[in-house]
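Protein sequence lines correspond, in order, to chains A and B.
Going letter by letter, the first sequence gives residues 1 to 341 in my numbering.
Going letter by letter, the second sequence gives residues 1001 to 1341 in my numbering.
Don't be surprised by glycine CBs; every beta carbon is placed ideally from N, CA and C.
All values derive from a computational prediction rather than experimental measurement.
Number of protein chains: 2
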Amino acid sequence: MDLDERKLRVMQAVVEAYVMNAQPVGSRTIARDFDLGVSPATIRNEMADLEGMGLLEQPHTSAGRIPSDLGYRVYVDRLARIARPSRSDLEVVRGALHRQVSEVDSVLRVSVKVLSEMTDCLTLMAGPHAGESVLNTIELVPMRSERVMVLVITEDGFVQSRMVDVPDVPAEELERAARLLNEHFRGQTISEILGGSSLESLRRELKYCSMLADVVDGLLKKSAEGGVTDYVIDGAANIMKHPEFRDVARAQRVLEALAKRSLIRDLLNRFSGDGLAALIGSESDTEDMRECSLVSAVYYIGGRPAGRMSVVGPRRMDYGRVMGLLKTVTEAVGEVLDERD
Amino acid sequence: MDLDERKLRVMQAVVEAYVMNAQPVGSRTIARDFDLGVSPATIRNEMADLEGMGLLEQPHTSAGRIPSDLGYRVYVDRLARIARPSRSDLEVVRGALHRQVSEVDSVLRVSVKVLSEMTDCLTLMAGPHAGESVLNTIELVPMRSERVMVLVITEDGFVQSRMVDVPDVPAEELERAARLLNEHFRGQTISEILGGSSLESLRRELKYCSMLADVVDGLLKKSAEGGVTDYVIDGAANIMKHPEFRDVARAQRVLEALAKRSLIRDLLNRFSGDGLAALIGSESDTEDMRECSLVSAVYYIGGRPAGRMSVVGPRRMDYGRVMGLLKTVTEAVGEVLDERD
DNA sequence: CTTAGCACTCTAACTGCGAGAGTGCTAACA
DNA sequence: TGTTAGCACTCTCGCAGTTAGAGTGCTAAG
């Protein structure tokens, strides 16, 4: 059986009515509220077909229908239009992001907050990874009691630090090590440094403090993998605004799951490519997230993809609007964090 | 009417039975489970008195009693014993904290996580303020396109950074500025620097880059006020494990309230002194937190009070145990972050 | 192919009722 | 005088039965 035009329109009607009212939608409602030009009986037949194709489900015999994961998928792929945010939404975004221009971290945090407020959903973000950022300086700052603070600073303004015990290393040796490291690496991207073999060959040169190489290596890796602020979660309480989470146990399950950084990482990694994408219900292959959908987009820093933001809500989500907002916000982030250069 | 010994024991019995079972406790239960040596009828009389004094409440006529905020207060002040954590609890704490010794930030985060896991409550932390920490270095790192990264580094290992536009400043001038700043301030605590007037007088000396003084001033203030990681919240989903938050709206209310940093700050600021303290129900004067209690303690870094951790749960909380755990964890944090020096 | 009509199904909401728990009061007792 | 047993009373909770309403699938006619 094929999805002809009318079936698609019925599908669309079911999704949109259900998103709006959070209640199973019947043929009568569609006939009344959507101008399909056919009677409830006809719509009933179409709905029966759509159910047969696995796009709709019936909670029980005498209820209306609700979209299945597959149904939402069809809706997102073929029916939803990425909505241009309303003028007022747009103003909220611009207003929030234009207040402070410079700090990467706060721009991102504000964006995530704005997203969760506007969508009434929870928002996740993978912090920027500095893999493609250019190294500016590696600093070795001597501290009391034979410790050294190692700092890795990139041109984009990422700072990563770690303190290490370095017994019995004379100050001059530290300075030499710093000079050596910077001569070799300044101007390269973090990825290039990690990809090259210089770090290995430097290890011998560093004599007294060869373990410094390990520390620098660790810091560089952390920067490249997005360890700078790693993951941010905002608007967790929003999940409870939706009737599907009227039951505490469900809300708890989701929030508990998302308390694990590893899960956030896995979820965000399921997206590939730089465009808008959605993960609907069990598509995430994560039992605890079966009741949720994720919509995700990449944000850019200095023109390069730097990380990912994702809106998490009930499957019954206004995909068009959320995608529109996510697009707008990530683009705005890109612009704001580009102006700086 | 006075709180004689027997009334206190009845009070204690009510609190402990209610904490255990989450259900209003009746005279019969107390007579059976607590060895008071009197009959239910006598206990009934005592309970009526305690209700008259405002320490107990009755949800409805034919239910047992539950403690009022005032009742819990009496319990905490006069009846609860700060419990020595069980051997297994102790091992969990030691295990978690001994894994990584050096990073201040991760020690604190792990502590907060451990607390929320062991208590099944939500845990708040005010990040360490570096006011009493000794300044090691102020670094001015030149970046591309006439920007400078300003870094403030303390002996304790706190790093605070900010990027600023500094047009038309020659490299030598930057170096001079850095040398000047460090000569003046290295070795002083942040508070001392902020308290002194040197920063003002330096402003003239810094010529080309007098605004650097502003930035340094801003960073120092941020360090002193606990801006390093400011506030951490962990185990938010735990709040829903407790039957009093079976209703989503209640849980939502609390979590939404705690999403505001300002509220967390206000709540933690209500505690004073370094000892263990509790804030029960409406004692926090915060409508949204009326259903919750907070138990709080200070943690130390390098022997100096650095911040505060607080366990947030339902009023029906095992105060003795929570206080014991909080004490143990904060003390362990202090030890771990002292060994480093 | 579409539609009206109709019998059927299932849920949600309401009602009434009984069981159970706990109280306060009274009167007896040490 | 303080304590206790007994008892009538109250209130909630859970269960069963009933009803109203919504929505379906089927059939037959247009």
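Residue 1321 of chain B is not a Cβ neighbour of residue 1291 of chain B, given a cutoff of 8 Å. Measuring C-alpha to C-alpha distances from residue 259 of chain A to each of B:1030, B:1003, B:1105, B:1237 identifies B:1237 as the nearest.
When 8 Å is used as the limit between beta carbons, residue 252 of chain A is near these residues of chain B: 1237, 1240, 1241, in chain order. Close partners of residue 1153 of chain B in chain A (Cβ separation under 7 Å): 141, 149. Contact check between the stretch 1276–1294 of chain B and the stretch 275–287 of chain A: fewer than three CB pairs, one atom from each, fall below 8 Å, which does not count as touching. Using a Cβ-Cβ cut-off of 7 Å, residue 1157 of chain B is close to 149, 163 of chain A, given in chain order. Residue 1135 of chain B sits in a strand when the DSSP states are folded into three classes. Assignment of beta-bridge partners to residue 280 of chain A by DSSP yields A:293. The C-beta distance from residue 299 of chain A to residue 334 of chain A rounds to 6 Å, short enough to fall under 8 Å. By the C-beta criterion, the stretch 87–94 of chain A is judged not to be in contact with the stretch 68–77 of chain A, since fewer than 3 inter-stretch pairs fall below 8 Å. Boundaries of the alpha helix (DSSP H) around residue 12 of chain A: 5–21. Shown here, residue 1310 of chain B sits in a strand according to DSSP, grouped into three states. By the C-beta density criterion, residue 62 of chain A is exposed, having fewer than 16 other C-beta atoms within 10 angstroms. In terms of beta-carbon proximity, residue 255 of chain A lines the interface with chain B, with at least one pair separated by less than 8 Å.
In the three-state reduction of the DSSP assignment, residue 1083 of chain B falls in the coil class, being assigned neither a helical nor a strand state. Contact check for residue 1047 of chain B against residue 1010 of chain B passes: the beta carbons are separated by less than 8 Å. Here the C-alpha atom of residue 1185 of chain B lies approximately 16 Å from the C-alpha atom of residue 142 of chain A. Annotation: the continuous beta strand (DSSP E) that includes residue 125 of chain A extends over 122–126. For residue 1306 of chain B, no CB of chain A lies under 8 Å from its own CB, so it is not counted at the interface with that chain. Less than 8 Å separates the beta-carbon of residue 1082 of chain B from that of residue 1276 of chain B. Closest option to residue 1331 of chain B, judged by alpha-carbon separation, among B:1219, B:1313, B:1303: B:1303. Per DSSP, the continuous beta strand (DSSP E) segment holding residue 1153 of chain B begins and ends at 1147–1154.
Collapsing the DSSP output to three states places residue 70 of chain A in a helix. For residue 143 of chain A, the secondary structure class from DSSP, reduced to helix, strand or coil, is coil. The stretch 185–195 of chain A makes contact with the stretch 129–136 of chain A; the number of CB pairs closer than 8 Å reaches 3 or more. Neighbours of residue 1333 of chain B in chain A, taken as residues whose beta carbon is under 9 Å from its own, are absent, since the nearest beta carbon is some 17 Å off.
Residue 173 of chain A and residue 1204 of chain B have their C-alpha atoms some 36 Å from each other. Of the other Cβ atoms in all chains shown, 16 or more fall within 10 Å of the Cβ of residue 89 of chain A; this residue is therefore buried.
Taken in chain order, the members of the stretch 116–141 of chain A whose beta-carbon sits within less than 7 Å of a beta-carbon on chain B are 136, 137, 139, 141. Residues of chain B whose Cβ lies closer than 7 Å to the Cβ of residue 6 of chain A do not exist; the shortest such Cβ separation is about 39 Å. Annotated three-state conformation of residue 189 of chain A is strand, per DSSP. The three-state secondary structure of residue 169 of chain A, taken from DSSP, is coil. Taking 8 Å as the CB threshold, residue 245 of chain A lines the interface with chain B. Considering only A:60, A:5, A:3, the residue with the shortest C-alpha distance to residue 25 of chain A is A:60. When secondary structure is reduced to three states using DSSP, residue 163 of chain A falls in the strand class. Cβ contact annotation for residue 1162 of chain B (same chain, cutoff 8 Å, sequence separation greater than five): 1149, 1150, 1215, 1218, 1219, in chain order.
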